[in-house]
Every structure is written in C-alpha cells, then in structure tokens.
Amino acid sequence: MSTPSTRKAVVAGVDGSETAVAAARWAGAVASRIGAPLHLVHSMPPEGIFYSEAAVLVQSQMIQQLEEDGKKLLADAAERVRADHPDLEVSSFIGPGPAAKSLLEAAEDARLVVMGATGAGALENFLLGSTVLRVANHAPCPVVVWRGSTDSPLPDSRPIVVGVDGSELSAAAVTHAFNLASALGVPLRAVHSWLGDAALGVGATAALVDWDAVETAETAVLAETLAGWSDRYPDVTVERVIDRGPASKVLLAHLDDAQLVAVGSHGRGQFRAALLGSTSQNLLHKAPCPVLIARKV
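Here this note's numbering = 1-based position in the sequence shown + 7.
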C-alpha cells in the first residue's frame with residue numbers, strides 16, 4: 008500500500024460500491040481545493056482461529072484473495088480520483104477488522120473523513136450502514152456522509168447550508184461550513200429554526216406571548232453565531248434564513264438547491280456525551296445531499 012503524507016489528510020472509505028467511489032471522488036475534489044492529500048481506506052475481515060492444517064490453508068488463501076481484491080478496489084478508486092485531479096497526492100491502506108475501526112483509526116490524524124451513505128451490502132440500500140453511524144458518532148474530526156447522484160458526485164456552484172442553533176457544536180459547523188464554502192467558491196446559507204411550543208405558549212396562552220420579541224431573540228442567535236465570519240471570509244456570500252418549525256424539517260426544506268448541509272453532532276440542550284442528535288440523525292437518513300457532522304473545533 009502507498010505511504011500516507013505527513014500532512015493531515017482527507018480520509019475516504021472504499022468498499023467497492025459505486026457510492027463509495029463517488030464519495031472518494033468528492034473527497035478528492037475537496038482535498039485538492041484545501042491543499043490536503045487524500046488517504047483511501049479499505050478494510051478486510053481479521054484472521055480467524057483455526058485448528059486444522061486444512062482450515063489454516065483455506066484461511067490463508069482467503070485472506071490473500073481478499074487482500075488482492077482490496078488492493079484492486081483501492082487502485083481503481085485512486086485512478087478515478089486522479090482522473091479528476093491528476094496532481095493530487097493519493098495514498099491508500101488496507102486495515103484488518105471492521106471498516107469502522109479502520110476509519111476511526113485513520114480519523115485520529117485526519118482533517119475530514121468521508122463515507123458513502125450506503126455500502127456494498129444488500130441491506131445498505133435500505134438502511135444507513137452501521138459503519139457510517141459508528142464513525143459519525145465517534146470520529147474526532149468532521150465527518151461527511153456523502154449522499155447524491157453517483158453520476159455527478161463532484162462539488163459544484165450550489166450553496167452550502169449550515170444549521171445554526173446557538174450551541175457550541177453549531178458554531179463548529181459554521182466554522183467548517185465557511186471553510187468549505189470559501190475553498191469551493193460557493194455561497195453559504197445559514198438556517199436557524201425555532202419552535203413556538205408549550206414552553207412559549209399554545210392555545211389560549213399563545214395570545215400572551217410577544218411573538219415579535221421571540222423572533223427578535225431568535226434573530227439575535229443567528230446574528231451572534233455569524234458575527235465576524237463575513238470579515239474573515241469576505242469572499243463568501245451569506246444568506247440568512249430564520250424559519251419556524253423542527254430543526255430537521257426546516258433544514259430539509261432548504262436543501263433543494265444545496266450541495267451540502269453542515270450541522271453539529273448534537274443540538275442545543277442535548278448531552279455532549281450522547282450519540283448523534285435527532286437533527287443530524289434525520290439528515291443522515293433523508294438529506295438529498297452530503298451531510299457534514301461537526302465536532303468541537
């Protein structure tokens with residue numbers, strides 16, 4: 008396998024599926040734009056424990072074949088990426104054990120991890136893969152779960168959408184969204200949602216709520232989160248959107264013309280040690296475009 012660069016790389020998982028190849032091509036485009044190398048990762052089952060010589064021989068032959076298949080998958084993916092970006096530094100690695108383990112190990116020193124939303128298994132066509140969920144839940148760096156058309160996976164001129172809720176992790180999503188929008192030369196759409204639920208007033212009590220004041224306060228949340236970013240990234244055009252409703256529903260409504268949506272791994276008021284929040288979970292399953300899950304910067 009090729010040796011990875013000493014610079015922090017964009018890591019992409021490769022499993023032989025067309026979705027994974029598309030995700031790797033997208034990752035290659037981003038790596039090229041941000042001046043990072045691309046590191047392709049494939050995994051194969053660990054060696055089992057066998058007691059007969061015949062079983063050991065069969066096991067050895069199987070492992071050898073799996074390794075050869077893995078090398079070919081990585082070589083094919085690297086070739087597709089280099090066709091898009093001939094000057095990009097691309098390395099590859101085959102790790103033993105579950106795919107999530109290999110990707111999480113690679114993520115320890117990565118700028119970004121990219122995976123296809125669905126893998127090579129039949130069930131993956133219907134359910135978000137367990138590898139995706141495990142990596143998205145536990146990676147120490149931002150994770151992009153790639154979704155979209157495998158025929159045209161590369162970044163384009165459409166805007167990047169970022170969910171803003173005033174939390175620390177939302178601020179991390181804003182950081183990554185601005186970085187990526189600047190690198191790709193595309194506009195940014197910052198979306199903040201709010202709910203007029205029982206905490207504010209429903210039914211007869213709703214008449215007692217100063218809804219103008221509530222909206223003003225929610226507008227301030229968006230303004231405070233975005234403060235200073237336009238000065239740091241004058242090249243990024245920012246559209247601000249404030250809408251009423253559940254966060255995932257509001258975000259999904261603003262993704263029709265988006266090429267990526269960025270959110271924090273958890274929302275405001277959720278336990279930091281918990282797994283992915285409801286908004287990020289919903290987007291991973293339903294978004295029509297890649298989803299970036301941000302951790303604390």
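Yeah, the Cβ is synthetic: ideal placement off N, Cα and C, and Gly gets one too.
(request) Indicate whether the contact test is met: 3 or more Cβ pairs, each with one atom in the region 80-87 and one in the region 25-32, closer than 8 angstroms. (result) yes
(message) Taking its Cβ as the centre, do 16 or more other Cβ atoms sit within 10 Å of T244, making it buried, or is it exposed?
(response) exposed
(message) Going by DSSP, what residue range makes up the beta strand (DSSP E) through L195?
(response) L195 to W201
(message) Quick check on this structure: which residue in I41, I70 and A19 has the alpha carbon closest to the alpha carbon of H49?
(response) A19
(request) Within its chain, find whatever has a CB closer than 6 angstroms to the CB of L134; leave out the 5 residues flanking it on each side and keep chain order. (result) Because the pLDDT at L134 is just 43, under 50, the model does not fix this residue reliably, and the point stays unresolved.
(request) Output the boundary residues of the alpha helix (DSSP H) element that contains E239. (result) Sequence check: residue 239 is Arg here, not Glu. Start and end: W236 to R239.
(message) So, with DSSP's three-state summary, where would you put E115?
(response) coil
(request) Using the DSSP secondary-structure output, state which residues sit across from G271 in a beta bridge. (result) A301
(message) What would DSSP say about R21, mapped onto helix, strand or coil?
(response) Looking at the sequence itself, residue 21 is Val, so the reference to Arg does not match. Of the three classes helix, strand and coil, the one that applies to V21 here is coil, per DSSP.
(request) Using beta-carbon positions only, say whether V198 and W236 come within less than 8 angstroms of one another. (result) no
(request) Note down the Cα distance separating D242 from A34, rounded to an integer number of angstroms. (result) 22 angstroms
(message) Judging by CA-CA distance, which residue of G104, M51, L187 and G173 is the nearest neighbour of V298?
(response) L187
(message) Can you give me the C-alpha to C-alpha distance between V221 and L47, rounded to a whole angstrom?
(response) 47 angstroms
(message) How far does the beta strand (DSSP E) with H261 in it extend, from its first residue to its last?
(response) It is not in any beta strand (DSSP E) - H261 carries neither H nor E in the DSSP assignment.
(request) Quick one: residues in its chain with C-beta nearer than 7 angstroms to the C-beta of R118, no 5 flanking neighbours on either side, listed in chain order? (result) K15, A16, V17, A43 and C148
(request) Go to L161, then tell me how far its alpha helix (DSSP H) extends in each direction, as first and last residue. (result) Looking at the DSSP string, L161 is not in any alpha helix (DSSP H), and its letter there is neither H nor E.
(request) Starting from the C-beta of I300, find all residues in its chain whose C-beta is less than 6 angstroms away, skip the five residues before and the five after it, and write them out in chain order. (result) A143, V150, S272 and S287
(request) Quick one: grab the DSSP three-state call for L95. (result) coil
(message) Nearer than 7 angstroms: is that true of the beta carbon of G20 relative to any heavy atom of the ligand MG?
(response) Annotation note on the ligand MG: not contained in the displayed structure, which lists no ligands.
(message) So, with DSSP's three-state summary, where would you put T26?
(response) helix
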